[in-house]
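Encoded as structure tokens, the structure appears first; notes follow it.
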Amino acid sequence: MVPQGLPEALGRQLGDPLAAERPELSVELDEVCSASPVVLRQIGRSTEGRPLGGASYGGGPLKISLVAGAHADEPVGPRTLERLAGWLETETAAKPLLEKATFSICPDINPDGRERNSTWTGPSSTDLRGYLRHRKRESPGDDIEFGFPDAGGRPARKENLVVAEFLRERGPFNFHASLHGMAFAEGAWYLVNRREPADTADLREKLGAFTASLGMGFHDWDRQGEKGFFRIAPGFCTTPTSSAMKRHFEDLSQPLEAEKFLPSSMEYTASLGGDPLCMVSEIPLFLVTPTPPGSSTPGANFIDLLQRLPEAWEEFEFGREEELLKLEGLFSLEPVPERTAMKLQLAMIFLASGLLELDELL
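Residues 5 to 366 in my numbering are what the sequence shown spells out, letter by letter.
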């Protein structure tokens, strides 16, 4: 059976074979990562007046929506989509994909936040000290990811209204991805709006093989349902929900913060119909030494780092690096090359949407 939401001839994302033969497709990921960004049509402006860009490419039946940049301190997602848009628009190698799929792309839905973090986001990899010194992030209640309009008509941010209209005019979709990142992780982490392990078994195998080919493993973190994060398997977790986010802050006795949560881009896209597969990529800026296999606590090294980091960060802000140097040595903190992170984001899009198979990613 073809997964819900996909055209029958393209329903491969969770392991189902194509109903009909198709021509060979392939994508050279280095070419996509090297593509020059293009100027996109302005679809609106941010709260501070910066332009919001969006564009659609192709005319195929597989409808893919892609957004990035919701969190201001996660720089790789917007760069990935800017280059993907440039490649789709200018390269003849993209033509076979555009006959199979229609891409609707908003590369950066938070340009104001991006500007505030421009002092530390380098062109190829991230400097840990620059990140700690200059990183800026919105408060939870101002999270653009959880700011899309709902049926109740609660006020939404300007950026969310603009992007929601862009998506509404082009939906429903078969696949949606919101590209994110983590400051620290033991590997790549993917969130998906399918909770049953069997639903993602084939996809997990493919993404695992691709991730390993880049010398990285999966991040594993069991948040036990906090904010809607339910562990599926190593490297995979459910997408959080706005209702679970709201409950979390209510439980923290922060009702005003809780009330600010609106649907996520995943929830909004799903509301357009079609039961799309929705995913979030969480690719780290800095790799943490992986927890040894067989540990009773998934992601134990990562959790240990999270507990130790606040003290080291505070010491660093006062000009003392001793604790930070200890953490760098203890957890072998290394920046993830931007191209590696971009390839992981792109592989998720192509494999999870069912557009390409693993051996078609070159």
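Every residue gets a Cβ at the ideal spot worked out from N, C-alpha and C, and that includes glycine. Bear in mind that the values here come from a model prediction, so they are computed numbers and not experimental data.
Bridge-paired residues (DSSP) for residue i
{"i": "residue 215", "result": "In DSSP, residue 215 forms no bridge with anything."}
{"i": "residue 109", "result": "59, 70"}
{"i": "residue 188", "result": "290"}
{"i": "residue 237", "result": "240"}
{"i": "residue 172", "result": "The partner list for residue 172 (beta bridge, DSSP) is empty, contrary to what the question assumes."}
Residue i - DSSP class collapsed to helix/strand/coil
{"i": "residue 166", "result": "helix"}
{"i": "residue 99", "result": "helix"}
{"i": "residue 42", "result": "coil"}
{"i": "residue 124", "result": "coil"}
{"i": "residue 360", "result": "coil"}
{"i": "residue 242", "result": "strand"}
{"i": "residue 80", "result": "helix"}
{"i": "residue 67", "result": "strand"}
{"i": "residue 145", "result": "helix"}
{"i": "residue 307", "result": "helix"}
{"i": "residue 249", "result": "helix"}
{"i": "residue 220", "result": "coil"}
{"i": "residue 179", "result": "strand"}
{"i": "residue 159", "result": "coil"}
Buried/exposed call for residue i, threshold 16 Cβ in 10 Å
{"i": "residue 159", "result": "exposed"}
{"i": "residue 51", "result": "exposed"}
{"i": "residue 285", "result": "buried"}
{"i": "residue 324", "result": "exposed"}
{"i": "residue 94", "result": "exposed"}
{"i": "residue 104", "result": "buried"}
{"i": "residue 297", "result": "exposed"}
{"i": "residue 58", "result": "buried"}
{"i": "residue 322", "result": "exposed"}
{"i": "residue 32", "result": "exposed"}
{"i": "residue 353", "result": "buried"}
Contacting residues, own chain, Cβ-Cβ under 8 Å from residue i (five flanking each side not counted)
{"i": "residue 131", "result": "124, 339"}
{"i": "residue 172", "result": "276"}
{"i": "residue 294", "result": "190, 191, 221, 305"}
{"i": "residue 56", "result": "46, 47, 48, 49, 50, 110, 112, 113, 115, 163, 166, 167"}
{"i": "residue 30", "result": "360, 364, 365, 366"}
Neighbourhood of residue i by C-beta, 6 Å cutoff - its chain only, sequence neighbours within 5 removed
{"i": "residue 344", "result": "218"}
{"i": "residue 236", "result": "201"}
{"i": "residue 233", "result": "227, 241, 244"}
{"i": "residue 248", "result": "231, 232"}
{"i": "residue 121", "result": "76, 77, 140"}
Residue i at chain D interface by Cβ criterion, 9 Å
{"i": "residue 336", "result": "Included in the structure is just one protein chain, with no chain D present."}
Neighbourhood of residue i by C-beta distance below 7 Å, restricted to the same chain and skipping five residues each side
{"i": "residue 37", "result": "87, 343, 346, 347"}
(request) Count the CB pairs spanning the segment 144-162 and the segment 255-267 that are closer than 8 Å, and state whether there are at least three. (result) yes
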